[in-house]
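Once you know that position 949 of the sequence shown is 949 in full-length UniProt numbering, the rest is easy, because the numbers rise by one and skip nothing.
To start, the structure itself, in C-alpha cells.
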Amino acid sequence: MEEDTRDEGALLEQLSSVLTELQKNPYDLAKHHEHIRLASSLPGMEEQAISAREMMVETWAAPEDVWIPLLDHKIAAAGNLTTEGFNEMTTWFERAEADYFSIEVLSKHMDFILNASKSGSDEIQAFLTRDTVRELLKEIVLKGSGHITKCNVLWDKWIAWEMECFSGSSHTPEDIARVQATLLSRLHIPHSGSDNALQEYSTFVSAHFPDSSYEELLVTASKARSEPQKKFGWRERWEISIQQTEDSPATYAQYIDYEWRRPDPTFLVPLYERAIAATAARRMEPGGEETLQRFWAGLYKAVQKSAEMRAKALHIKRSKKRRDEDMDEEVLEDHEDLQARATLVIMRAIRSVPFSSSIWASHILNAGISATNDVTATVTSVDALTDRALELLQLKGVDSEGFVEIGLASADALKMRLQTEDGADETIFGGIVTTLPKCIDAVRQASKDGDRFLRLEQYLYAAYTKLIQGADFGELAVDLWKTTEEHYKNSYLACTLRVTDLVQRGETVQARDVYKRGASRPLDWPEQVWDNWILFEHIFGDQSTLEAAQEVVDKQRAIVMKKRQREAEKAAEAYATANPVAVPTEAETVEEQPQDENAMEVDGGVQDNRKRKAESPIVKRVAQEPTQKKAKSDNTTLKRDRENSTVFVTEMATGTGQDEIQQLFRDCGEIREIKILEVDNEPIVTVEFTERESVPAALTKDKKRINDKEISVHLAWKSTLYITNFLESTDDTEIRKMFSPFGKILDVRWPSKKFKATRRFCYLQYTSPAAAQAALSLHNKELAPDQRMSVYISNPERKKERTDAGADQREIYIAGLSKLSTRADLEQLFGQFGAIKEIRIATEGDGTAKGYAFVEFEQESSASQALSMNNHELKKRRIAVTIADSRVHAKHKNDEHAGLTRKAEQRSRSLRVKNIPADATDGLLQQTFEKLAPVVSVQVQEGKGEAVVELKHASDVGKLLLLTEPITFNGAALELSEESASKAPSKPNAAFVPRAAGSRPRAGLGSKRPGAGAISASNRVPVPASASSAGGSGKNQDDFRNMLLGKK
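Laid out in C-alpha cells, this is it:
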C-alpha cells in the first residue's frame, strides 16, 4: 500500500509538471497526450482526464481516441435533453467531425440522434420529427460515404431506421416511394456492400411492388449500380492494401497518386480525409508530422480541383440555357460555396498542423483572394494572419525556409490587389513594404545562415525600385543592402547584390570597399566574389587598383587553399580511423572479368578485352615491351591487381632503358610489365609486378642510383586522386586547369556513361605523391552554392566504398522540380522510403535548381517504393519520378515506339564517328560532343577507329551533319555519318524469303488461294543461302514466285 501511495505521488508530481509546461506552451502536443495519459491512469481523476481532453481539443485537432470518451462524457452529463442541450451536443459532434474523418464518431452521432428521437423528452420528440431526423441522418451518411469499405455501417443505421418507421406506418405510396428512393440512392454509391444493397432493394421491391414491374425495376437498379460497382472494383486492390498495411501513410500516398491520375476527382477529397486521419494517429512516428502536412496541402489542392471541375460543368450547363439572372445567381452562389469549402479546409488544417508554413502560406493567399474591395480591411487581414503565422513558427523554432514562405505569400496576397485603374494603391504598397521587413527579421532570427538566396530582400528591393513608377525609395534600398551585407557576412550573394546596386547608382568607390571587405571574409563562394572584383577593376578601375585587387585575391586564395588542405587531411584521417583497411591473408582466385570502369588503372594500354584508357595529350609513349611471353590461358587465373602491384619510378636520367629498370628490380619478384612514358621530356616508368607481395621490396629501391642519378620509387595509387561531385559542365580541360598548379599530370581517366549517365567522377594521376597531397587542398572547394568538390587519394582498398557499381537500380531520377527545391525537401519527401545514400541536385550558376535531381538509396526496395511519388506535388510543381538507370528503363519499355523498334529509334538519334585517335575513350569523346548537343551515350569501338554517339534528340543528328567546320578531337578531324544509314535493313548473309513463304497469309489483288496452283509448306523448294533480295541478278519477287510455282 505504501508503495502504491509513492507511485501515485510520483504520478501527481508528473501531472503538475505537465500542467505547468502546458501553461507556458499550449501547443506542445506531446505534453497534451502525456497529460491525458497521466490523468487517465490515476484513480478518482476522471474529471481531470476529461479536463485534459477538453484542454487538448481547445488548441489542437484531436483524433477519435480523444474525442469519443469526451463525447460519451458530454452525452452522459446532458441528462434529460432539452432542445438547447441537443443543439449544444450537435455542436460538439460537429467539432469532432471537423477535426478528422472518423466513421466511429459519425456512427456515435447517428446513435445520439436516434436515441434522442426515441427516448428524449416531449420537447425533443416534438423537435425531432421524422423529416428532421431523416435529414440529419442523411447528412451524416453523406459525410461518411467517401469511405467505400466502412460507409456500410452508416447506411445500415439509416436504412434500419427507415424500415422501422416504414413497418410502423400504413404504407402510403409516398412512404413506399421514399424508402425505394433511399435504397436506390445507396446503389449509386461505390462501396463494398453493393451486392447486399441490391438484394435488399430486390426484397423490398418484390414485397411492395406488382410482380409485373419487378423485372423492370431490377434491371434499372442493376444498371444504376453498374458504374459505381466498376469504380469500386478499380479501387478494391488499394483498399485491400490499406487494410493489410494497417492504414499505412505510405500506402495512402500511393493510393492518392493513383487517384490524381484518374479523370474523376470525386474520390480524392474523401481519400485525403482518410489519409489525414490515419496519419494523425501516427504523427509521433518518424516522418509522421511532415506526411500529415503534405496530406493537408493535398486536400486543399483536391478541393480546388473539384471547384474547377464544378465550374467547368456549370459553364457547360450555362451555355445550354439562356443567360438570365437566375442562372447568374446560381453560378455566384456555387462559387461562394466552393470558396467557403476551401477556406474551411485551410482552417481545419491550421488546427491540425499549426506549425506548417505551407498551410499558413495557403491561408494567407486565400485571404488575399477572397478579400473584399476594402483595401484597408485586406491589409489588416493579411497582416494579422502573417503575425499569427510568424508567432507560431517562432514558437516551434522552424527553419528559415518556413519564414521565407510566409513572407512571399504575404507579399503576393497584397500584390494581387496593388494595381487599380488609378495606378498602384498606396495602402497596399504600404502593407507590402511593412510585412516584408517583419518576415526578413524572422528569417534572420530563425537561423545563423538565414536565407542563402536572399529572396525576401530581393522582393523588397524590387518593391522599392519597380512597383511604383516614379517613386524614389533610393535611401531605403541602399539601407536594405547595407544591413543585408552586415548580417550575411559570409554570403557572396549579399556582397554581390550590394555592389550591383552601388554600381547602378554610380557609387564605384563604395562598391570597391564592399569588394575589399568581402574578399577578406570566409565567404560561402569566395571564387565568385574574387572573379567579380577583378572584372570590376578592369571596367571601373585602373592598373594600380587592378594590381591591388589581384594581390588581395592571391593572398586570400592561398589562405583558403591551405585551410581546405587541412580540412581534407583531417577528413582523410577521420575516414581512415572509421574505416580501417582489412589486409587479405591469402590470394583469391577468380575467373577473369571485364575491368570495372570505376577501378583505378595506372596504364593506358589494352589488356585482354578491357577497354583502353586515354593517355594525356602531352604524354609520349617511348617504349613498351612485355617482360615475358604470354602464358597459356587457364580456366582459373590469378586476378590482376594493377593498383596494388604497380610502382612509379621518376627522376631518372634521360635515356634510361628497360634493361636497366629490369636489372634494378630483378630481386623483388616476377615483373609482369614495364612501360616507359615521357611527360614534358621527363621519363616516367611504371613497373607492374605479377604479385602485390613484390611491391614492398620494390619500394626499398627508392633513392637508389641509375646512371649516376638518384631515382624516386613510390606506389602508383599514392599519386592518383579520386575526384567527384564537380559541376556537371566540368570537362577534361577544366579538371586539368584546376589541378595542374600542383604538379605534372600523367593522366586523367573518365568513366564511360554508357550505362549510367549520372556518373560524375574521374581519376587524375600525378607523377609524384607530393603533388597529389598538395592537390588535396581543393577538397571541399565550393564550385557553386551547396556544391563542394570532393578530392581523395585513390586508395584501391577503399575503392568499393566510393564506387557507384550496383547503384543503378537504387537510384531514382526526379524531373519537374521547382527552382526553389532544396536537398532538405528531397530528404523529407523520399526519406520515408528508406535510408538515402546520396542526393544530387543539378543547379544553375546562381545556385537554384535546374529542375531535376538524382536520389540514391541504400536499398533497391526503397527506390522501387519511391516511384509512388511520381506525379506528387512539391513546391507547387508536379514531379516525375523514374528509375535513373537506362538499363532498368529498357526492361519496362515497349519494343515498339512511334512505329519504330527501340533499336531503330536509337539509330535515328545516333551518329557514326570515324577517324578517331587510338587514345580515345568513351568519357573524353562524350565531353567533346556534349559541347555541341545533349548526348545519351558514346561507345568507342576498339581497333576500328570508330565510335557510335547516341544523341538525345534526333534533330541534333542533322544539325551536326550540317556543320561547315569539322569536329576535332586530340588534333584529329572526325568524320560523321548517320548511324541509321550504316545499318542494312537485313542481315547481309541472310537468305531471301519471299512473302509467299511467310507465316502471315496475303490478301488483296495478286494473292492466290490454296488449290491447284499453290504449293503446300512441305513441298516448297528450299531457298539457296546465297540468294539476295537485291543485287546484280536483277530479279524481283515475281521472278522468285514463278520459280517456286515451277514456272520459268
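Backbone N, C-alpha and C fix where the C-beta goes; we use that ideal spot for every residue, glycine too.
query, result
"Are the Cβ atoms of L951 and V935 separated by less than 7 Å?", "yes"
"With 16 other CB atoms within 10 Å as the buried threshold, where does K914 fall?", "exposed"
"Can you tell me where the alpha helix (DSSP H) holding G851 begins and where it ends?", "No alpha helix (DSSP H) contains G851, which is instead part of the beta strand (DSSP E) from A849 to F857."
"Taking the alpha-carbon of A197 as reference, which of A160, E164 and H208 has the nearest alpha-carbon?", "A160"
"Suppose contacts are defined by Cβ-Cβ distances below 7 Å. Is I432 in contact with A413 by that definition?", "no"
"Look at the alpha carbon of E673 and the alpha carbon of V695, and state the distance between them as a whole number of angstroms.", "14 Å"
"For a quick check, are the C-beta atoms of I711 and E651 less than 7 Å apart?", "yes"
"Taking 8 Å as the cut-off, does the segment 728 to 736 touch the segment 698 to 708 (at least 3 CB pairs, one atom from each stretch)?", "no"
"Per DSSP, A843 is paired with what?", "The amino acid at residue 843 is misidentified as Ala; the sequence shows Thr. DSSP, once it has assigned bridges, lists A849 as partnering T843."
"Between S777 and the rest of its own chain, which residues show a CB-CB distance below 6 Å, the 5 nearest in sequence each way excluded?", "M561, R564 and Q565"
"Write down the C-beta distance between G834 and E858 rounded to the nearest angstrom, noting that I regard them as a contact closer than 8 Å.", "6 Å"
"State the Cα-Cα distance for the pair R692 and C668, rounded to the nearest angstrom.", "11 Å"
"Report the rounded CA-to-CA distance for I676 versus F648, giving the unit in angstroms.", "10 Å"
"Using 8 Å for Cβ pairs, my map puts I140 next to F86. What's the rounded Cβ distance?", "Not really, about 15 Å apart at Cβ, beyond 8 Å."
"With burial defined as no fewer than 16 other Cβ atoms inside 10 Å of the residue's Cβ, what is the status of G146: buried or exposed?", "buried"
"Does DSSP classify L875 as helix, strand or coil?", "A quick correction: the sequence has Lys, not Leu, at residue 875. In the structure shown, K875 sits in coil (DSSP, three-state: anything other than H, G, I, E or B)."
"Leaving out five residues before and five after A477 in sequence, what residues of the same chain have Cβ atoms less than 8 Å from its Cβ?", "Y461, Y464, T465 and D501"
"R878 to E273, Cα distance in whole Å?", "21 Å"
"Hey, could you find the ends of the beta strand (DSSP E) F726 is sitting in?", "Element bounds for F726: n/a, residue is neither H nor E."
"Measuring straight from C-alpha to C-alpha, what distance separates residue 1052 and E486?", "Examination of residue 1052 is not possible in this model, given that the chain is present from 1 through 1048 alone."
"With H, G and I counted as helix, E and B as strand and the rest as coil, what does DSSP make of D542?", "coil"
"Please state the DSSP three-state secondary structure of A281.", "coil"
"Within 10 Å of its beta-carbon, does D554 have 16 or more other beta-carbons around it, so buried, or fewer, so exposed?", "exposed"
"Leaving aside the five residues before and after R802 along the sequence, list all residues of the same chain whose C-beta is less than 7 Å from its C-beta, in chain order.", "In this prediction, R802 scores a pLDDT of 48, lower than 50, which makes its location untrustworthy; no coordinate-derived value is stated."
"Would you kindly report the start and end of the unbroken alpha helix (DSSP H) that includes Y459?", "R455 to A462"
"For the beta strand (DSSP E) that R521 lies in, which residues bound it at each end?", "R521 -> no beta strand (DSSP E), and no H or E assigned at all."
"Taking the Cβ atom as the reference point for each residue, do E104 and E54 lie within a distance shorter than 7 Å?", "no"
"How many angstroms separate the CA atom of A884 from the CA atom of V353?", "34 Å"
"Just to check my reading of the structure: S194 and R225 have Cβ atoms closer than 8 Å, yes? What is that Cβ distance to the nearest angstrom?", "6 Å"
"Under a three-way DSSP split, which group does Q939 fall into?", "strand"
"Do you know how far the Cα of F761 is from the Cα of A772?", "16 Å"
"Let me know the alpha helix (DSSP H) ranges lying completely inside the segment 175 to 221, each 4 residues or longer, listed in chain order.", "194 to 208"
"Taking the C-alpha atoms as reference points, what is the distance between V303 and T964?", "57 Å"
"With a threshold of 16 other CB atoms inside 10 Å of the CB of K31, please say whether the residue is buried or exposed.", "buried"
"Just the C-alpha distance for M163 and S192, rounded to the nearest angstrom, thanks.", "21 Å"
"Alpha carbon to alpha carbon, what distance is there between V345 and A866?", "28 Å"
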